[in-house]
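Notes for the one structure printed next.
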Amino acid sequence: MQKNKLLYTGKAKSVYETDSVDHLILVFRDDTSAFDGKKVEQLARKGRINNRFNAFIMQKLADAGIKTHFERLLTPDEVLVKRLNMIPVECVVRNFAAGSLCRRLGIEEGTPLTPPTFELFYKDDALGDPMVNESIAVSLNWATAEQLAKMQQLTHQVNAVLVPLFDAGGMMLVDFKLEFGLFHHEIVLGDEFSPDGCRLWDKQTRKKLDKDRFRQDLGDVVEAYEEVAQRLGVDLTDL
Ligand code: TMP
Ligand code: ASP
1117 MQKNKLLYTG
1127 KAKSVYETDS
1137 VDHLILVFRD
1147 DTSAFDGKKV
1157 EQLARKGRIN
1167 NRFNAFIMQK
1177 LADAGIKTHF
1187 ERLLTPDEVL
1197 VKRLNMIPVE
1207 CVVRNFAAGS
1217 LCRRLGIEEG
1227 TPLTPPTFEL
1237 FYKDDALGDP
1247 MVNESIAVSL
1257 NWATAEQLAK
1267 MQQLTHQVNA
1277 VLVPLFDAGG
1287 MMLVDFKLEF
1297 GLFHHEIVLG
1307 DEFSPDGCRL
1317 WDKQTRKKLD
1327 KDRFRQDLGD
1337 VVEAYEEVAQ
1347 RLGVDLTDL
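Each number in this note's numbering comes from the position in the sequence shown (counting from 1) with 1116 added on.
If you want it as structure tokens, here you go:
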């Protein structure tokens, strides 16, 4: 499968059309961005590591019966995916408090959230990805109530698959963000799952192993992503 027209350039990935109307090629770039694009840096090899990592996770989710857009890896930084009609909301599940939840509610980082919370954010950098709810999403025709219910159920299902996976690697899955789209009228998981879009802490030391290392200038960002991949057994050879 070959890259045709560049369709869209995101903050960390570029999206190309292919000869198939039902498929796209995503290119994972080394660009690393935070704070809605206000902080951007190139981190060598980050794109390739995230491409491999995402493929590994998407395969685990598919094995658990969750429909995803992932088709196959093409090159170290390229992946073939189904072409989805994306729904412009971000689904966030949290197992422990961190980030915007702590800022909003003044609670301590690491506070357990039982059962895990579910939040929706409107995907719009210019507005700073504001928090929304199902009612707003339905009234603005972003998705139907049924589709949103399905996205919530799938996000919790992804959490149930990934918490034990990371736990086995000595990590806490603190929170993560998913994006969904429609493929021939069916809700399918799109975008990516990588340390760019989740929080992972070492179980013993609570060392941060995710993009908070970049947001908070903690250093060794790519080294942490590599450590996460190695702990899960993701094959990073040839990168
Ligand atoms: P938050 O604490 O900033 O709301 O983020 C919760 C989790 O979702 C965190 O792992 C980062 C991820 N996330 C993104 O990757 N992109 C986004 O645009 C948002 C809102 C969250
Ligand atoms: N919404 C934020 C961004 O787009 C998430 C982050 O800080 O990673 O950059």
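Even for Gly, the Cβ is constructed at its ideal location relative to N, Cα and C.
For ligand 1, is there a heavy atom less than 7 Å away from the beta-carbon of residue i?
i     : result
E1225 : no
K1293 : yes
A1214 : yes
V1205 : no
F1282 : no
V1208 : yes
R1322 : no
T1179 : Note that residue 1179 corresponds to Asp in the displayed sequence, not to Thr. No, Cβ of D1179 sits at least 7 Å from all heavy atoms of ligand 1.
G1313 : yes
F1234 : no
L1217 : yes
D1147 : no
D1307 : no
F1144 : no
F1237 : yes
D1193 : no
D1245 : yes
By a C-beta neighbour count over all protein chains shown, 10 Å radius and 16 as the cutoff for buried, is residue i buried or exposed?
i     : result
E1206 : buried
Y1124 : exposed
T1184 : buried
A1242 : exposed
G1313 : buried
T1148 : buried
V1156 : exposed
A1340 : buried
P1246 : exposed
Taking only three categories from DSSP, how would you classify residue i?
i     : result
A1345 : helix
A1171 : helix
D1240 : coil
S1255 : helix
Y1192 : Per the sequence shown, residue 1192 should be read as Pro rather than Tyr. Correct three-state label for P1192: coil.
L1316 : strand
N1249 : coil
P1311 : coil
I1223 : coil
T1321 : coil
F1151 : coil
Kindly indicate which residue of the options has the alpha-carbon position closest to the one of residue i.
i     : options                       : result
S1216 : A1128, V1143, F1292 and V1338 : F1292
W1258 : G1297, V1274 and P1228        : G1297
E1308 : L1177, D1135 and M1117        : L1177
H1301 : L1200, A1214 and A1171        : L1200
G1126 : R1161, V1137, Q1118 and A1150 : A1150
N1120 : K1129, D1135, A1128 and L1352 : D1135
Q1267 : P1204, E1224, G1226 and A1214 : For the sequence presented, residue 1267 should be read as Met rather than Gln. M1267 has its Cα closest to that of P1204, out of P1204, E1224, G1226 and A1214.
Is the distance from the Cβ of residue i to the Cβ of residue j below 8 Å?
i     : j     : result
E1133 : L1142 : no
G1163 : D1152 : no
F1234 : V1195 : no
R1347 : G1285 : yes
F1182 : V1338 : Contrary to the premise, residue 1182 reads as Ile rather than Phe in this sequence. Cβ distance not < 8 Å, so I1182 and V1338 don't count as in contact.
F1212 : V1290 : yes
L1316 : V1277 : no
P1232 : H1272 : yes
L1325 : M1287 : yes
E1295 : M1174 : no
N1170 : D1193 : no
Is there at least one Cβ from chain D nearer than 8 Å to residue i's Cβ?
i     : result
I1141 : The structure shown contains no chain D, having only a single protein chain.
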